[in-house]
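Engineer: For the sequence shown, my numbering assigns the number 212 to the initial residue and increments by one for each residue that follows.
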Amino acid sequence: MLSRLFILALIGFTACTTSFMSFAQPVDANRDKIALVMKALSNPFFSKMEAGAKEYASEHGIALEVFGTELETDVEYQISIINNLITRNYGAIVIAPVDSHKLIPSFKKAIDQGITVINIDNPLDQKTLADQGLNIPFVGSDNAKGAALVGHYLRRQMQGKGRVIIIEGIRGVENADQRKAGFTKAITTGGGIEIVDSVSANWHTEDAFTHMTELLKKHGAVDAIFCANDQMALGVLQALDSQTQTALVLVTGYDNIEAARNELRNGRMHATVEQHPELMGRYGIALAHEAMQGRPIPTYQETPLDLITHDSFGKRIALAMSEMANPFFTALFKGAQTHAELHGMELLHSDAKNDDTQQLVAIQNFVGQKVDFLIVNPTNSQAVQPGIEMAHSARIPVITVDRKEDGGQVLSHIASDNITGGQLAAEYLIRQLPGGGAIVEFEGIPGTSASYERGKGFNDRIAQHNDLKIVKREVAYFSRDEARIIMQRLLAANQTTFDAIFAHNDNMILGVLDALQAAHVVQRPLLIGFDAIPEARQAITENKLSATIAQKPQLMGILAIDTAVKALRGEKVATFIPVELELIKSSQ
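1) With DSSP collapsed to three states, give me the class of G781.
2) What are the start and end residues of the beta strand (DSSP E) that includes K396?
3) Assess, as a yes-or-no matter, whether the segment 637 to 646 is touched by the segment 725 to 733 under the definition of 3 or more beta carbon pairs within less than 8 Å.
4) For T752, count neighbouring C-beta atoms within 10 Å of its own C-beta (all shown protein chains included) and say buried if the count is 16 or more, exposed if not.
5) Which residue comes first and which comes last in the alpha helix (DSSP H) that contains A268?
6) Suppose contacts are defined by Cβ-Cβ distances below 8 Å. Is L335 in contact with E281 by that definition?
7) Give the C-beta separation of A471 and G464 to the nearest angstrom, bearing in mind that I take them to be a contact with Cβ-Cβ under 8 Å.
8) Throw me the rounded Cβ distance for the N467 and G380 pair, which I believe falls under 8 Å.
9) Take A358 and list the residues in its own chain whose beta-carbon comes closer than 6 Å to its own, dropping the five residues that flank it on each side.
10) Identify, in the order they occur along the chain, each residue of the same chain with its Cβ nearer than 6 Å to the Cβ of A482, setting aside the five sequence neighbours on each side.
11) Taking the alpha carbon of Q593 as the reference point, which residue from I377, D567 and A573 has its own alpha carbon closest?
12) Given that a residue counts as buried once 16 or more other Cβ atoms are within 10 Å of its Cβ, and exposed if not, what is G781?
13) Can you tell me whether Q580 is helix, strand or coil according to DSSP?
14) Below 7 Å, is the gap between the Cβ of I378 and the nearest heavy atom of the ligand GDP?
15) By DSSP, does N333 sit in helix, in strand, or in coil?
16) Under the assumption that L721 contacts D522 (Cβ atoms under 8 Å), give the Cβ distance between them as a whole number of angstroms.
17) Kindly list the residues whose CB is nearer than 8 Å to the CB of V447, restricted to its own chain and excluding five residues on each side of it in sequence; keep chain order.
18) For the beta strand (DSSP E) that I378 lies in, which residues bound it at each end?
19) Mind checking whether L622 and G648 have CB atoms under 8 Å apart?
20) Do the CB positions of I760 and L794 come within less than 8 Å of each other?
21) Taking G279 as the reference, which of L585, I306 and N294 has the closest Cα?
22) DSSP three-state call for D773: helix, strand or coil?
23) Tell me I744's beta-bridge partners as DSSP assigns them.
24) Can you tell me whether I269 is buried or exposed? The criterion is at least 16 other CB atoms within 10 Å of its CB, across all chains shown.
25) Enumerate in chain order the residues of its own chain whose CB-to-CB distance from A730 is below 7 Å, with the five nearest sequence positions on each side excluded.
26) Closest to P509 by C-alpha separation, out of A743, I322 and P348, would be which residue?
27) Contact defined as beta carbons within less than 8 Å: I believe L296 pairs with I322. What is the distance between those atoms, to the nearest angstrom?
28) Buried or exposed for H430, please, with buried defined as at least 16 other CB atoms from any protein chain shown within 10 angstroms of its CB.
29) Give a yes or no on contact between the segment 649 to 661 and the segment 676 to 696, applying the rule of three or more CB pairs nearer than 8 Å.
30) Could you tell me which uninterrupted alpha helix (DSSP H) segments, each at least 4 residues in length, are contained entirely in the segment 463 to 507, listed from first to last along the chain?
31) Between the alpha carbons of I187 and T549, how many angstroms are there, rounded?
Now the structure itself:
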C-alpha cells in the first residue's frame, strides 16, 4: 500500500520525467499487474476488501498493488491515482469509486488504452456511462435491497408506528442514494411511520455527531435512526449519549464493522448490514484476471447481503452432527460455524460418528445446557425422535438439516430434494446408455432419509426404461472403506458384468474407484456419486469418475443458522427450505 505523499511524489515524478520513465520502465512492464483502488483506507470495511483481493491474488499468482484515499470525499485524489495508473499502463484497474460520475472520463481513457476496468462496491452512474459509450462490469451488493432489510426490521420492531431520522452518505453517490431509497420505501410502506428529517453526514463519524446533536434539538425524541454506514452510526450514538437518549432509540447502520458489532453486542445498536467486502475484492480481482486473459466476464456479479441484528448476539446454538469424518458434513459444519460467528452466536457442536446412541446423549447434554437453538443432522430418521422430543419439551426450537427426522416436532427442515437428486443421476445414465445396460447400486445407511430418497428417485426413474436393469444392490453405509471392500469382493468373484455404478454418496463411489484402481481395471463402468465433495470433483476433472450430484452442504449450514436467526427475531420461517441441486459431470 502506498501512502498519499508517496503517490503524489510518484505522479509528479512521472509528469516531469516521462522520457526517463519510458526508458527505465518498458511500456508493458505493468501489463500483468492489477491495481486495486479504494477509498478511505482507514475504514475497516476497505481493510476487509483489501484482504479478500490479496487472498485471491496470492492463490492465483496475480501481481496486485493497492492504492486508496484518506477520505471518502477526495474525488480529485482518486482521479489522480487513476491517471497515474493509465500513464504506467497497468493491465487492469479494480476500483471502489469515491464518486459515481466524476471518475468516468478517466475510465474511458483507461479503456481506450486497453486497460480493463472493473467497478466494485459503489456503482457508477449508468446514464453517464452510456453517454461515454461505456459498459463497465460491476461487482457488489444491491444497496437498496440491503437498506430495505433494515427498514423492514425497524418497522417490525416499531410495530408500524413512530418517528425516524435518516443519516445519509454523500449525496449523488450511487450507494448512498440507493440506501436512502431502499430504506425509505421499506419503512414507509403501509403507513404509520414518519421520516421527520434526512441529512447527509458524508460517511463521517464526526459529521454524524454534529448533525445528530442539532437534529435532536430541532425535533426532540425520535424512535429510530437509520445511518447509511456504521461510521456515522457511531457518531449518532455519541450524540445520543450526550443527551442520555441512547436507551430510548433504535439505532441502525450499514457495513458490519467491528466497532458496530461491539455496540450490537451490548445492545446499544440494533442492526447493521454485512455486504461482504472481502468477496467484492475477491470477485473484482477474479473478473479482472479473466478479462486480461481474453475470457468473457459477466456485466454484474452480485455479492450477498446479511442483516445482522442484536437479537442473535450472545445466543448459543447447538449443532448435533452425524459424522464429521465425512467431507460433506465437514463442509456443512464450516458453513454453520462461519455464519454463527457472523451473527455473534456461540456454536456448540457434537460428532455422533454415525452412532444413534451417541447422538441422543449429545442432544441430551445440549438440552441440559439450555441452549437457545438446536440444529440436528440425524444419524437415523427414527432413532433421533426421542432427542427432538426432549428438546421440544424444554422449549428449545429444533431445525433438521440434510437428513429428516421421522415424526418429531421440528421448526424447519433444510435439505436438497434427494428424490430429485436420484432422478438426476438416473437421467444422466439414461443419456449415457442409450442402448441399455446393467447397473449396480451402492446404498447408504438403512433408515436415513437421504439413502431412502436418493434410492427412490433413482429406482423410479430407471424403472421407466425396460432396457436398463439394476442387477445388484449393496449396502455400504455411506462408508468409503465398506464400499471398497464390497467392490473388491465383486471383482474377486468376477461379478463385474455391469455398465454403471450409482452410489448414494461420494465416499462410497470413491471407495469403488479405489478398488478398481488397485485391481488395474482399465475398462471401468460409469461411476456416479452424490454430494460433490472436493475429492470427487477432482476425480471428475481427471475423468476417473463420471458424475456426481452437487447439493451444496456449506450453504445448508449457512441456511440453518439464518433460519435460527430469523426465528430468534420473531420472524416466520418456512417448514421446508430447499437447496438446489446440480449435476457435475466429466468431459468424456
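Glycine included, each C-beta is placed from N, C-alpha and C at the ideal position.
Structural biologist: For this structure:
1) The residue labelled residue 781 in the question sits at position 570 within the sequence shown. In the structure shown, G781 sits in coil (DSSP, three-state: anything other than H, G, I, E or B).
2) Along the sequence shown, read from residue 1 onward, the residue named residue 396 stands at position 185. Not the beta strand (DSSP E): K396 falls in the alpha helix (DSSP H), residues E385 to T399.
3) no
4) What you label residue 752 is simply residue 541 of the sequence shown in a count that begins at 1. Exposed is the call here.
5) Taking the sequence shown and counting its residues from 1, the one referred to as residue 268 is at position 57. Unbroken alpha helix (DSSP H) run through A268: P255 to E270.
6) As a position in the sequence shown, residue 335 is number 124, starting the count at 1. As a position in the sequence shown, residue 281 is number 70, starting the count at 1. Not in contact: L335 and E281 (Cβ atoms no closer than 8 Å).
7) Position 260 of the sequence shown, counted from the start, is the residue given in the question as residue 471. Position 253 of the sequence shown, counted from the start, is the residue given in the question as residue 464. That pair is a contact at about 5 Å.
8) Here residue 467 is taken as the residue at index 256 of the sequence shown, counted from 1. Here residue 380 is taken as the residue at index 169 of the sequence shown, counted from 1. Their Cβ separation, rounded to whole angstroms, is 16 Å, which puts N467 and G380 out of contact at 8 Å.
9) Position 147 of the sequence shown holds residue 358. Here the set comprises R390, G393 and F394.
10) Counted from its first residue, the sequence shown places residue 482 at position 271. So the list reads V361, Y364, T463 and T520, once near-sequence residues are dropped.
11) The count along the sequence shown starts at 1 and reaches residue 593 at position 382. Cα-wise, what sits closest to Q593 is D567.
12) Looking up residue 781 in the sequence shown gives position 570. Exposed, because fewer than 16 other Cβ atoms sit within 10 Å of the Cβ of G781.
13) As a first step, residue 580 is located in the sequence shown; it is residue number 369 there, counting from the start. Here Q580 sits in coil by DSSP.
14) Annotation note on the ligand GDP: not contained in the displayed structure, which lists no ligands.
15) The residue given as residue 333 occupies position 122 in the sequence shown. Correct three-state label for N333: coil.
16) Here residue 721 refers to the residue found at position 510 of the sequence shown. Here residue 522 refers to the residue found at position 311 of the sequence shown. With a Cβ gap of about 42 Å, L721 and D522 do not count as contacting.
17) Looking up residue 447 in the sequence shown gives position 236. Only I378, A419, F420, M423, I436, C438 and V462 meet the Cβ criterion.
18) Mapped onto the sequence shown, residue 378 falls at position 167. Element bounds for I378: G373 to E379.
19) For the purposes of this step, residue 622 is taken as residue 411 along the sequence shown, with counting starting at 1. For the purposes of this step, residue 648 is taken as residue 437 along the sequence shown, with counting starting at 1. Contact flag unset, no.
20) For the purposes of this step, residue 760 is taken as residue 549 along the sequence shown, with counting starting at 1. For the purposes of this step, residue 794 is taken as residue 583 along the sequence shown, with counting starting at 1. Their beta carbons are under 8 Å apart, which means I760 touches L794 by this criterion.
21) Here residue 279 refers to the residue found at position 68 of the sequence shown. Ranking the options by Cα distance to G279, first place goes to I306.
22) In the sequence shown, residue 773 corresponds to position 562, counting from 1. Here D773 sits in helix by DSSP.
23) In the sequence shown, the residue the question calls residue 744 occupies position 533. Per DSSP, none; premise fails for I744.
24) Position 58 of the sequence shown, counted from the start, is the residue given in the question as residue 269. First, the amino acid is wrong: residue 269 is Ser here, not Ile. Result: exposed.
25) Here residue 730 corresponds to residue number 519 of the sequence shown, with the count starting at 1. So the qualifying residues of the chain are L702.
26) For the purposes of this step, residue 509 is identified with residue 298 of the sequence shown, where counting begins at 1. With distances taken between Cα atoms, P509 lies closest to P348.
27) Position 85 of the sequence shown holds residue 296. Position 111 of the sequence shown holds residue 322. The Cβ separation is near 12 Å, so there is no contact.
28) Working through the sequence shown from its first residue, we reach residue 430 at position 219. By the 10 Å Cβ count, H430 comes out exposed.
29) yes
30) 469 to 476 and 488 to 503
31) Nothing in the structure corresponds to residue 187, since the chain is present only between 212 and 799.
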